[in-house]
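Mapped onto the numbering used here, the consecutive letters of the sequence shown carry residue numbers 29 to 375.
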Amino acid sequence: MIIELPDDYDISNDKDIVKSNHSQKTGPNSNSSSIPNVAIISSNQVQPDSTMVVAAIAAENAELKKDELHSPPLITEIPSHVSIKTDVGVPTAASDRKKFSFTYLKDAKFPGFDDKETQACLFKWGMQDHCYIKRFTYDQYLKPYDIDMFLLDFFNANPQIKVQGTMDRWGTLGNVTNVSKEETNHTITSLDFFDRLLTNGIVRSNGQITKCMDEYHDSFLVADNLRKCLLMPEFDLYDLFSPDDRREFIFHVFQAMCLGGRLCQYENDLEPYLQVTKKLYKDLITVVKDPLTNKLKVASFIYKITQVKSSVSQLFPLEHPQNFCYVSIDPMRRHINLLYHASAVYY
């Protein structure tokens, strides 16, 4: 860089500065942070040829770069007692994590499922001998991103989880390497959810289900409009329940009760289906009051388990809409409820 000074400027006054600047640039400890190369030229001095100025500046820059090679790099040493976390918010690797442990609560009570009327209905609908509800507790706080590992630990080598095989034999899963799931909605806290069946003519005012001509759909005998509404998308009133409505866990329970098991005697009235649905739903979920709205809300998270890859038995003996498995997780009490139903044949 070249700075031109006025004619009356006495450069002799700056000898010390120039000398100091020169010593900084040529000293043994000089580096790139030294004062930049400046050629000071007074207008009353003879200005050197531009080629000479450029050559002089280039020579000084080369000298500075040579000195920089001998300067130590800038290194910040961190004391040994200071720890650095680089995995904040990142899910734990499967090999490093602590596995979840589960304890079977054999004395857990399910007043709705164990109710005599409920058991009588399950027997009538062909489900009593092929379904159960069990409760377990777990030992760690469950983070949302750990749900896959949580379910894998739950199903893996758990002798209390029984599955249906052929010829009505119960077995176990053995070593589990993969669990497939679907998350359900859980916003409903009232049977008012099903009032649309009455207001749209699926059910008469006296509670009777309206009938229709018999036909088969997906191996089910459809003999009334309720089953049409549940099973047949081409039915005019199928859209009474939106896709989000059909993902509600209470809808899943209601549909399972209406369609029944291997040999089902259907009901003429809606009320038995509603009452059993209500009792089982209350057994499986946890409800709390929202402090902001003072309204009830479901605190549980419910997943539909669609398939399990295991070393011994399959989760279901065959693929069928009425072979189902649900896990309901209560994060406050650290409980997990398991609802299972399956059959090898359906008539």
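Even glycine gets a Cβ: it sits at the ideal position worked out from N, Cα and C.
Keeping to the same chain, check which residues put their C-beta closer than 7 Å to that of residue i; ignore five residues upstream and five downstream.
| i | result |
| --- | --- |
| residue 301 | 282, 285, 286 and 295 |
| residue 368 | 159, 160 and 353 |
| residue 184 | 203 and 204 |
| residue 156 | 147 and 150 |
| residue 228 | 265 and 268 |
| residue 188 | 132 and 162 |
| residue 362 | 165 and 166 |
| residue 236 | 296 and 297 |
| residue 273 | 279 |
| residue 259 | 245, 246, 248 and 250 |
| residue 136 | 163 |
| residue 143 | 307 |
Look up residue i in the DSSP assignment and say whether it is helix, strand or coil.
| i | result |
| --- | --- |
| residue 336 | strand |
| residue 200 | coil |
| residue 180 | helix |
| residue 276 | strand |
| residue 100 | Bear in mind that a pLDDT of 47 at residue 100, under 50, signals an unreliable position, so the model cannot answer this. |
| residue 353 | strand |
| residue 286 | helix |
| residue 320 | coil |
| residue 262 | coil |
| residue 209 | strand |
| residue 188 | coil |
| residue 330 | strand |
| residue 174 | helix |
| residue 358 | strand |
| residue 148 | helix |
| residue 281 | helix |
| residue 222 | helix |
| residue 292 | coil |
| residue 342 | coil |
| residue 217 | coil |
| residue 135 | coil |
| residue 255 | helix |
| residue 118 | Bear in mind that the predicted position of residue 118 carries a pLDDT of just 46, short of 50, making it unreliable; the figure below should be weighed with that in mind. Coil. |
| residue 195 | helix |
May I ask which residues mark the beginning and end of the beta strand (DSSP E) holding residue i?
| i | result |
| --- | --- |
| residue 251 | 248 to 252 |
| residue 231 | From DSSP, residue 231 is part of no beta strand (DSSP E); its letter is neither H nor E. |
| residue 240 | 239 to 245 |
| residue 132 | 130 to 132 |
| residue 165 | 159 to 166 |
| residue 312 | Segment 299 to 312 is the alpha helix (DSSP H) holding residue 312; no beta strand (DSSP E) there. |
| residue 367 | 363 to 369 |
With a Cβ-Cβ cutoff of 8 Å, do residue i and residue j count as a contact?
| i | j | result |
| --- | --- | --- |
| residue 205 | residue 164 | no |
| residue 327 | residue 345 | no |
| residue 225 | residue 298 | yes |
| residue 140 | residue 310 | yes |
| residue 191 | residue 341 | yes |
| residue 334 | residue 210 | yes |
| residue 293 | residue 153 | yes |
| residue 279 | residue 269 | yes |
| residue 177 | residue 125 | yes |
| residue 257 | residue 248 | no |
| residue 238 | residue 372 | no |
| residue 348 | residue 331 | no |
Within a Cβ cutoff of 8 Å, which residues of the same chain sit near residue i, ignoring the five residues on either side of it in sequence?
| i | result |
| --- | --- |
| residue 364 | 130, 163, 164, 165, 166, 182, 355, 356, 357 and 358 |
| residue 325 | 215, 217, 315, 316, 317 and 318 |
When every heavy atom of the ligand GTP is checked, does at least one fall within less than 7 Å of the C-beta of residue i?
| i | result |
| --- | --- |
| residue 201 | Looking at this structure, you won't find the ligand GTP or any other ligand, since it has none at all. |
Please list, in chain order, all residues of the same chain as residue i whose beta carbon is under 6 Å from its beta carbon, the five residues on each side excluded.
| i | result |
| --- | --- |
| residue 275 | 212 and 213 |
| residue 251 | 242 |
| residue 128 | 166, 168, 178 and 181 |
| residue 253 | 230, 238 and 240 |
| residue 366 | 162 and 355 |
| residue 222 | none |
Check the DSSP bridge columns for residue i and list the partner residues they point to.
| i | result |
| --- | --- |
| residue 325 | 316 |
| residue 236 | 297 |
Can you name the start and end residues of the alpha helix (DSSP H) that residue i belongs to?
| i | result |
| --- | --- |
| residue 140 | 139 to 142 |
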